[in-house]
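In case it helps, the working numbering puts the sequence shown at residues 72 to 395.
Read the structure below first, then the notes.
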Amino acid sequence: MQFQQLLYFVAVAETRHFTRAAERVHVAQPSLSQQIRALERDLGAELFSRARGNIALTDAGEALLPLARRILADAETARFEVEELVHLRRGRVRLGATPSLCTGLLPDVLRAFHDLHPGIRLMVEESGSRDLVRDLARGGLDLALVVLPLTGQAPALTTTELLQEDLVVVSSPTAPEPGGGAPVRPADLRDHPMVMFRHGYDLRELTVAACRAAGFEPSFTVEGGEMDAVLGFVRAGLGLAVLPRMVAERAGADLRSTPFAPPGLRRSIGLAHRTDVAPPRAARELRRVLLARLREREPGARFDDGDSPAVTEDPWAGPGPEAP
C-alpha cells in the first residue's frame, strides 16, 4: 500500500469518476486506474463496483475510506509541522547562560529574536559555566553562553570566544567611593567591604583571584547571593561588588559604577555547542541574532583589539540559516 495509491483512491471515492479523479490529482487516467488495481490486489479486495459504468464503493471501499482520509490528513499535518520548523515558525531553542549574562546581555538578544520568530519557544537555563557545560554535553541544551576559560571541558564540545567584557566596581552612591573618584585598581578594594556571589559564580572566582593577585584576601559583608540579591545588597550600602559593564548599565541610576584603571579587568565570554550533533536551525538562528546584537553594541570592535570589547566572526563554519 502506497501513499499515492491512497490519494488516488480517495479522489475516485469522492468524485465517483475515474477521469475526473485523474484530473483532480493531475495524473493520466490510465495511470490512476492502474494504481487503483494495484491497491486492490495488495488488499485482496475490490474497492469499487464498476457495474454498467456506475462507480460505487464496495464494503471494503467503505471501510478503507475513513482510514485513507485519516492517513492523508496525518501526512498533511506532518508536512505542515516540518515546514513550520524549517521556516522558523515553530520549534524551540534551549539556551544556557550565566546569571550575569542573563541580566546584562540576553534581554536585548531574546527580544530581537522573539520579534523575528514569535513562534519559537525560548527555554533559558541560568547556571554557572561548569553546570552549563555539563548539561550541554548531556544533550539538555542546544547552546550555552559561558565564561572562558573552562576547566574540565567535555571533548565533544567546542567553545568560541565571542566577547571581551569589561568589569566595573558597583557601589551605593552613599558609600565611600573606591579609588577616591578615579579609576579603581584591584589593590583599592582592600579596605572596602564587598558583597559576594555564592560559590560556583564565575564572577566570584574572578574577583577573588584579582584581589589575591594584588596581595590581599577580600572582606565580605554578605556572601552567597544571586545576581538580583547582590544588586539589592549593594543598593542598601552593605558593600561594593565587581560586575560586568553590561549588568551595571542596566542596574539603574541608583548605583555608582567605577571602571578599573588600565589595563582594566575583563572576562571572556564564549559560545559553547556540541560538535557531534548538528544544531537545530532555530539554535543557529539565535546564534546569528546574538552575533548581530553584539556587533551593534560595538560596531567598530575587532577580535584582536586589546582596548575594547571584541566580537569574533561567525563561530560556526558552514552556511548559516536562510534569512527568515
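Beta carbons: idealized from backbone N, C-alpha and C, even for Gly.
| query | Which word fits Glu236, buried or exposed, when buried means at least 16 other C-beta atoms lie within 10 angstroms of its C-beta? | reply | By the 10 Å Cβ count, Glu236 comes out buried.
| field | Reference Leu118; option with closest CA among Pro101, Leu103, Leu136, Ser102 | value | The shortest C-alpha separation from Leu118 is found at Leu136.
| field | Residues that Gly199 bridges to, as DSSP identifies them | value | Per DSSP, none; premise fails for Gly199.
| What is the C-beta distance between Arg317 and Leu176, in whole angstroms, given that I count them as a contact (C-beta under 8 Å)? | For clarity, residue 317 is Met in the given sequence; the question names Arg instead. Yes, Met317 and Leu176 are in contact; Cβ-Cβ is about 6 Å, under 8 Å.
| Where the alpha helix (DSSP H) through Ala93 begins and ends | Counting along the chain, the alpha helix (DSSP H) containing Ala93 begins and ends at 89-95.
| query | Considering only residues of the same chain and omitting the five flanking positions on each side of Val266, which have a CB-CB separation below 6 Å? | reply | Cβ within range, chain order: Val293, Val301, Phe304, Val305, Leu309, Gly310, Ala312.
| message | Does the contact criterion of 3 or more C-beta pairs under 8 Å hold for the segment 187-196 versus the segment 231-247? | response | no
| field | Opening and closing residue of the alpha helix (DSSP H) in which Arg338 lies | value | From DSSP, Arg338 is part of no alpha helix (DSSP H) but of the beta strand (DSSP E) over 337-345.
| query | Since Arg182 is in the alpha helix (DSSP H), which residue starts that stretch and which ends it? | reply | 177-187 is the span of the alpha helix (DSSP H), which, as asked, contains Arg182.
| request: Could you work out which residue in Phe74, Ser339, Ala122 is closest to Ile107 when comparing CA atoms only? | output: Phe74
| task | Provide the residue span of the beta strand (DSSP E) that contains Met267, from first to last. | result | 265-268
| task | Spell out the partners DSSP gives Ala168 in its beta bridges. | result | Residue pairing by DSSP places Ala168 opposite Glu197, Leu216 in a beta bridge.
| Can you list, in chain order, the residues of its chain whose CB lies under 6 Å from that of Ala319, leaving out five sequence neighbours each side? | Val239, Val241, Ser328
| request: Out of Arg358, Glu248, Arg95, state which residue places its alpha-carbon closest to the alpha-carbon of Asp331. | output: With the sequence shown as reference, residue 331 is identified as Phe, and Asp is not the correct amino acid for it. The residue with the shortest Cα to Cα distance from Phe331 is Glu248.
| query | Is the Cβ-Cβ distance between Ala93 and Ala99 less than 8 Å? | reply | yes
| Whole-Å CB distance - Ala343 paired with Asp213, under 8 Å assumed | Wrong, their Cβ atoms sit about 10 Å apart, outside the cutoff.
| Can you give the Cα-Cα distance for Gly250 and Ala258, rounded to whole angstroms? | Roughly 9 Å between the two C-alpha positions.
| request: Run through the segment 273-319 for me and flag every whole beta strand (DSSP E) of 3 or more residues, listed as ranges in chain order. | output: The segment 273-319 contains these whole beta strand (DSSP E) runs: 291-296, 312-315.
| request: Indicate the three-state DSSP secondary structure (helix, strand or coil) for Arg373 in the structure shown. | output: For Arg373, the predicted structure reports a pLDDT of 39, less than 50, and the residue's modelled location is therefore unreliable. A value from the coordinates is still provided. DSSP places Arg373 in coil when its eight states are reduced to three.
| Bounding residues of the alpha helix (DSSP H) (the contiguous stretch that carries Ser104) | 100-114
| Between Ala146 and the rest of its own chain, which residues show a CB-CB distance below 8 Å, the 5 nearest in sequence each way excluded? | Non-local C-beta neighbours of Ala146 in its own chain, meaning closer than 8 Å and more than five positions away in sequence, comprise Phe74, ordered along the chain.
| With DSSP run on the structure shown, which of helix, strand or coil describes Asp325? | coil
| said: Going by beta-carbon coordinates alone, are Ser120 and Ala127 separated by less than 8 Å? | reply: yes
| query | Can Pro228 and Arg345 be called in contact, C-beta distance under 8 Å? | reply | The question names Pro, but residue 228 in the sequence shown is Leu. Yes; because the gap between Cβ atoms is below 8 Å, this pair is in contact.
| message | Using C-beta distances below 7 Å, list every residue in its chain close to Glu288, excluding the 5 sequence neighbours before and after it, in chain order. | response | Cys282
| request: State buried or exposed for Ser102, treating a residue as buried only when at least 16 other CB atoms are found within 10 Å of its CB. | output: exposed
| field | Exposure of Leu138, with buried meaning 16 or more beta-carbon neighbours within 10 Å | value | exposed
| Residues near Val96 in its chain [Cβ-Cβ closer than 8 Å; skip 5 each side] | When the five nearest sequence neighbours on each side are left out, the beta carbons in the same chain lying within less than 8 Å of the beta carbon of Val96 are those of Leu78, Tyr79, Ala82, Leu103, in order along the chain.
| request: Excluding the 5 residues preceding and the 5 following Glu297 in the sequence, name in chain order all residues of the same chain whose CB lies nearer than 8 Å to its CB. | output: Pro170, Phe268, Arg269
| request: Return helix, strand or coil for Val83, following the three-state DSSP convention. | output: helix
| Who are Thr229's beta bridge partners in DSSP? | His344
| field | Identity of the residue in Arg182, Arg366, Asp273, Gly286 nearest Asp262 by Cα | value | Gly286
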